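**Student:** So the sequence shown is numbered by my numbering: it starts at 1251 and just counts up by one.
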Amino acid sequence: MADNLEAAVALMDAAPELINEPMTAEIFQGVTPLHIAVVTQNISLVRHLIDRGADVATPRVTGLFFRKSLRGLIYYGEHILSFAACVGNKDIISMLIDAGASTRVQDERGNTVLHILVLQPNRTIACQALDLIMARDAELDQPVPIDMMPNNRGLTTFKLAAKKGNTVVFQHLVNKRRVVQWNMGPLTSMLYDLTEIDSWADSMSVLELIVVSPLREPRRILELTPVRQLVNLKWNLYGKHYFRVLLFVYLLYMLIFTMCCVFRPIMDIPVSNNTQDKTVMIQKPLNESYVTHADHLRLVGEIISVLGAVVILLLEIPDMLRVGAKHYFGQTALGGPFHVIFISYACLVVILCVFRVCSVQAEKEVMALCLVLCWTNVLYFARGFEMLGPYVIMIQKVMFGDLLKFMFLMFIVDIGFRKLSVDGVYDPGVWHP
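1. I need the boundaries of the beta strand (DSSP E) containing Gln-1431, first residue and last residue.
2. Three or more C-beta pairs closer than 8 angstroms, one from the region 1485 to 1495 and one from the region 1504 to 1523: is that the case here?
3. For a minimum of 3 consecutive residues, which ranges assigned as the beta strand (DSSP E) are wholly contained in the region 1593 to 1676?
4. Would you decide whether Thr-1475 is buried or exposed? Buried here means 16 or more other CB atoms lie within 10 Å of its CB.
5. Taking 8 angstroms as the cut-off, does the region 1434 to 1442 touch the region 1387 to 1394 (at least 3 CB pairs, one atom from each stretch)?
6. Please confirm if the region 1282 to 1292 is in contact with the region 1301 to 1315, defined as three or more CB-CB distances below 8 angstroms between the two stretches.
7. Quick one: grab the DSSP three-state call for Met-1384.
8. Straight-line CA distance for Pro-1266 to Gly-1360?
9. Please state whether DSSP places Asp-1518 in a helix, a strand or coil.
10. Who pairs with Thr-1438 in a beta bridge, going by DSSP?
11. Let's test the definition: count the other Cβ atoms within 10 Å of the Cβ of Gly-1327 and tell me whether it reaches 16, buried, or not, exposed.
12. Taking the C-alpha atoms as reference points, what is the distance between His-1329 and Asp-1381?
13. Touching or not, the region 1629 to 1637 and the region 1650 to 1663, by the rule of three or more beta carbon pairs under 8 angstroms?
14. Under a three-way DSSP split, which group does Gln-1356 fall into?
15. Is DSSP giving Ile-1343 helix, strand or coil here?
16. Based on the DSSP secondary-structure assignment, which residues constitute the bridge partners of Gln-1533?
17. Roughly how many angstroms separate the alpha carbons of Arg-1310 and Thr-1417, rounded to a whole number?
18. Quick one: using the 10 Å Cβ neighbour count with 16 as the cut-off for buried, is Lys-1426 buried or exposed?
19. State the start and end residues of the unbroken alpha helix (DSSP H) segment that holds Val-1477.
20. What's the C-alpha gap between Leu-1547 and Ala-1559?
21. Return the CA-CA distance between Ile-1684 and Leu-1261, expressed in angstroms with no decimal places.
22. Would you identify the three-state DSSP class for Asn-1425, choosing helix, strand or coil?
23. Are the beta-carbon atoms of Leu-1331 and Leu-1346 separated by less than 8 angstroms?
24. Within this structure, are the beta carbons of Leu-1598 and Leu-1619 separated by less than 8 angstroms?
25. The alpha helix (DSSP H) that contains Ser-1332, what's its start and end?
26. Just how far apart, CA to CA, sit Phe-1661 and Ile-1643?
27. What ranges does the alpha helix (DSSP H) occupy inside the region 1440 to 1478, keeping only unbroken runs of at least 4 residues that lie completely in it?
28. Measuring only the C-alpha atoms, how far is Ala-1451 from Leu-1483?
29. For Met-1251, I'd like the list of residues in its chain whose CB is within less than 6 angstroms of its CB, leaving aside the five on either flank, ordered along the chain.
30. Which residue wins for smallest C-alpha separation from Tyr-1595, given the options Val-1604, Pro-1272, Asn-1627, Gln-1431?
31. Is Pro-1405 helix, strand or coil by DSSP?
32. Would DSSP call Gly-1489 helix, strand or coil?
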């Protein structure tokens, strides 16, 4: 049917059973003549096929060539209407809908035609086709708008555009939902619908999807109206006050833990004949660690320290399991490596508690590491201040990006030189294989 309309019409008249015959090859399974005519935008052929009884609703393409995957070349969905929407021919779209094609069909992933349009590279054509399909669907007077239909992952068209960072379709949908409140010359007041955007009553809101997304493109949506205004409003009303209270509580907790480390139970070392041993004080055994009033006061601080570590673990681990360790520790927007420090500190405090109960003489090493980690975490809270935030982000990227790679390289070089020093003194005049 390579643009030979007369031959195609003659073939349809001679063998009408071939009109709805799908391909059976694994790579193109389910493709019908109407699919091909739609993709090639042959309007005359599409009209002839429909007039001769071509099925516009039932056929589904399931071949490997058309499946959504990382190696997939195209993703036009499964149904004929989604193919027509992706090529963007309005005449063919209207023709198929008039012939009985449903605007609400979903593929095996639960994606509607609008979901599939979000994933297309040509954003302009996608917006035009999206407007046409939404307008035709509105004529059916359905209780739920088509753009509010979720796929199998619970994502509507709006949320999928946010997750994929499709700023063109996202802004287009936002503009379709806005309402003009009043006009006065060049000034215009508009009301924006925050449904699906605000995280107040939606665990899978646009803001949540942007934060947890491993892609960089969704971050650009934070600069769009009304998302930018919403984030600024939430920060000024709630976020910064919560952040400052959290900083105050954390600093108070760190001071308590630091005092417990400074006034840890130690005693003078017994008289020893070993002149090489420079140790002057050692850790007290457990039965002598909590005797005086000062010991009891320190015990209260130690209990607070352990409970704080347990609370940190209870808050961090569920979020890590929900987002995934790779994304949770690797994304700057989620705190990045600071979460590693939080969890490491909490685990070391629990280990320190076990050492105290078992009278293990290794508390000072663990305490020193805990103090380094806990006070390093103060940089995490500096992110909430406009003056210090950008510098903390820059330091974080340098330390856990380029510096980490450089340290790994130096570690390999150090191993090589250590091997050389073990083998013997290097002599430039002697060949060392």
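Glycine included, C-beta positions come from ideal geometry on N, C-alpha and C.
All of these numbers come straight from a predicted model, not from anything done at the bench.
**Tutor:** By the coordinates alone:
1. 1429 to 1434
2. no
3. none
4. exposed
5. no
6. yes
7. helix
8. 32 angstroms
9. strand
10. Asn-1433
11. buried
12. 19 angstroms
13. no
14. coil
15. helix
16. Ile-1516
17. 30 angstroms
18. exposed
19. 1477 to 1484
20. 19 angstroms
21. Residue 1684 cannot be examined here, being either before or after the span of the chain that is shown, 1251 to 1683.
22. helix
23. yes
24. yes
25. 1330 to 1337
26. 26 angstroms
27. 1456 to 1462
28. 17 angstroms
29. Its pLDDT being 48, under 50, Met-1251 is placed unreliably by the model, and nothing is read from it.
30. Asn-1627
31. It should be noted that the sequence gives Leu, not Pro, for residue 1405. In the structure shown, Leu-1405 sits in coil (DSSP, three-state: anything other than H, G, I, E or B).
32. helix
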